Amino acid sequence: MPPTDVTPGALLALDLDGTLIGPQGEVPPDLSGELRAWDRAGAHLALLTARGRVPPEVRDWPLHTVTRCYGAWAEQAGQPLWSWPLPDATVRAATEAIPLADRQLGKTLLVTADPGGIVRGPHPAFESSWPQAREVLKIVRGDTPARLDALAREWSALCHTELGGTELIRERDTRLVLIRRGAGKGAALRELTARLGVPRSRVVAAGDGPADAAMLPHAGTFIRVGTHPALSGAS
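Residue numbering for the sequence shown follows my numbering, starting at 14 and increasing by one per position.
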């Protein structure tokens, strides 16, 4: 693995689910070899995933930087690089904005910097455990499209008050995510590019969904996987 204090020849920034691996977690048989070829050519390989944990499938890949929860947490060469959690007061306001009856039905995840601290609902202990969550990187809400539409309006209305400094990501009709503003994949790619000293023209990014669209302005080349309209500006 090349040392990270040497400017790499290129930066390869890759989404995971839907881009590198399939819907059932299937990994293309030649993927590891292709990544190693980039590594041998002097590229810095970065994985930018929405997941709260780094899956075991990637542990043998020649990755230099990995981000979790979009760009809210990063490690480089196995060492923490940055963490951009939501303030505790923001977590409380956002969770309390979800009606109690809805919290007891749909899925709620408070994903923390420590993967072992993730709080999940609905669960009998959720109401007593979520106020104890610390260093929350993202709040994920899974519910019906109609209820998520209502929650998105509520969270958006609070973005000027209790939820100031946050942004919403609608991953799909049935999933809504709240993160700290500036903790998305675009901000992570911009930060990593600056730290490495790689010009935008030497940045290659790839993704398949709306969260990946944030990388478009920071990549010289963007490889669009699939047909999501959020990526219509990809080269």
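For each residue, glycine too, the CB sits at the ideal point set by N, CA and C.
Predicted, not measured: the structure shown is a model, and the values here were computed from it.
query	result
Assigned secondary structure, Leu94 (DSSP; H/G/I helix, E/B strand, else coil)	strand
Beta-bridge pairing of Ala23 - partner residues as DSSP gives them	Ala56
Of the listed residues Gly220, His231, Thr103, nearest to Leu205 (C-alpha basis)	His231
Rounded C-alpha distance that separates Glu140 from Arg133	10 Å
Other residues of its chain near Glu175: CB distance less than 6 Å, five sequence neighbours each side excluded	Ala106
Among Gly233, Trp168, Ile182, nearest to Leu202 - alpha-carbon criterion	Gly233
Three-way DSSP call (helix, strand, coil) for Trp168 in this model	helix
CB contact flag (Arg81, Leu29, <8 Å)	no
Secondary structure of Val79, DSSP reduced to three states	strand
Beta-carbon contacts of Ser214 that lie in its chain and below 8 Å, excluding the five residues immediately before and after	Gly233
DSSP bridge partner residues for Lys120 (one or two, in chain order)	Gly155
C-beta atoms of Pro93 and Glu148 nearer than 8 Å	no
Cβ contact (3+ pairs, closer than 8 Å) linking the region 69 to 78 and the region 103 to 120	no
One or two residues paired with Gly134 in a DSSP bridge	Thr121
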